Amino acid sequence: TRDRGVTLARALVAPPSLCIFHTASEDPDSKSPNPRTKQHAIQMPPSLLCQPPQHRPAVLRSTLLRLALRCGRVPANNLGKGMLVPGSEVSRQADRIFRVLSVGHVKPGKGGAFVQAKLKCVLDGTIVPHKFRSAETVETVDLDPAEDYSLLYTDGGLVHLMHGETFEQIEVPREAFGELAVWLRDGMSVRVASRQGVPLLFTLPPRAAYEVVETRLGSREGKTDASKPAVLSNGEALRVPHFVTVGDRILVNTEDGTYYGKAGPDEG
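Residues 19 to 286 (the working numbering) make up the sequence shown, in order.
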């Protein structure tokens, strides 16, 4: 399919040893009215595509991401907060996506101007500072509008989701949720943003309810600490107020894993 100057051709099978994915994208640095086309090829054994999904998610997802993330380019000076940048522009990790947290334009006394960006990996939350030369162009990821899915269940390393309107079901590697994976629960609503049919970005509800399965009695003797450690039903540890006891259902901020408050009977 063709979208914003990017063409993804269908997979061409070259039996018996390789399956070759061909891509072509317009060269953004070309000043010709008919831009040159850059050709790309990614190879993998066709046997990989025939394996059960749980046996191939990491390698296949990496390859699909490298295909899907060939999007448009923008001048480094036009980078803004919230934009998405493929890992190939930052750390040569093609199966990573980074969200721009902040940008600063720097013009030193010596040397060329540059853009100092703070980036966050959407998979594992790693914060990465990175400099882009002002004169360069940066590849960005332009995702399709996010859609609503329901989490049906998790089977080993795969998360099964169902589209809220079409009821179409998809399987996504658990690792694709990155640091959010620990907060996944059956029945949870998940927003999924895709590119070229590949699910890339997942958003959970801002808060979700979990049961406290372990904590100790609160004691403030000689202490000013207003919280105590606790363990939740999903195995995650966090700090809670002293009045929280085993069996309580509490709301957790899924963004940072912190305590929000006690959950009501209808809050999940």
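Note that CB positions come from ideal geometry on N, CA and C, so glycine has one too.
Quick caveat, the model's predicted, so the values are computed rather than measured.
Q) Which of the three DSSP states, helix, strand or coil, is assigned to V200? A) Translated into positions along the sequence shown, residue 200 becomes position 182. The answer is helix: DSSP assigns V200 an H, G or I state.
Q: Would you kindly work out how many angstroms separate the C-alpha atoms of D160 and G175, rounded to a whole number?
A: Here the question's residue 160 lines up with position 142 in the sequence shown. Here the question's residue 175 lines up with position 157 in the sequence shown. In this model, D160 and G175 are separated by some 27 Å (Cα to Cα).
(Q) For H181, report the span of its beta strand (DSSP E) as first-last. (A) What you label residue 181 is simply residue 163 of the sequence shown in a count that begins at 1. Per DSSP, H181 belongs to the beta strand (DSSP E) from L176 to H181.
Q.
For K138 and R117, I'd like the C-alpha separation in whole angstroms.
A. On the sequence shown, residue 138 is found 120 positions in, with the first residue counted as 1. On the sequence shown, residue 117 is found 99 positions in, with the first residue counted as 1. Near 5 Å, if we compare the C-alpha coordinates of R117 and K138.
Q) If we count the other Cβ atoms within 10 Å of its Cβ and call it buried at 16 or more, is T158 buried or exposed? A) For the purposes of this step, residue 158 is identified with residue 140 of the sequence shown, where counting begins at 1. Result: buried.
Q: Name the two residues that bound the continuous beta strand (DSSP E) containing S106.
A: In the sequence shown, the residue the question calls residue 106 occupies position 88. Unbroken run through S106: none, as it is neither H nor E.
Q. Taking Cβ positions, are L169 and S207 nearer each other than 9 Å?
A. What you label residue 169 is simply residue 151 of the sequence shown in a count that begins at 1. What you label residue 207 is simply residue 189 of the sequence shown in a count that begins at 1. S207 is positioned such that its CB atom lies closer than 9 Å to that of L169.
Q.
Going by DSSP in three states, N252 sits in which element: helix, strand or coil?
A. Translated into the one-based positions of the sequence shown, residue 252 becomes position 234. Of the three classes helix, strand and coil, the one that applies to N252 here is coil, per DSSP.
Q: Report the three-state DSSP secondary structure of E165 (helix, strand or coil).
A: Sequence index remark: in the sequence shown, residue 165 carries index 147 (1-based). Reduced to three states, the DSSP call for E165 is strand.
Q. Which of the three DSSP states, helix, strand or coil, is assigned to R192?
A. By one-based count along the sequence shown, residue 192 stands at place 174. Judged by DSSP in its simplified three-state form, R192 adopts helix.
Q) How about the segment 189 to 196 and the segment 123 to 137: do they share at least three Cβ pairs that are nearer than 8 Å? A) Taking 8 Å as the limit for Cβ pairs, the verdict is that the segment 123 to 137 does not touch the segment 189 to 196.
(Q) I'd like the span of the beta strand (DSSP E) that includes K138, first residue to last. (A) On the sequence shown, position 120 is the one that residue 138 refers to. K138 -> beta strand (DSSP E) spans F132 to C139.
**Q.** Beta-carbon proximity check, F220 vs L198, cutoff 9 Å
**A.** Your numbering for residue 220 matches position 202 in the sequence shown. Your numbering for residue 198 matches position 180 in the sequence shown. It is a contact, given that the beta carbons lie within the stated cut-off.
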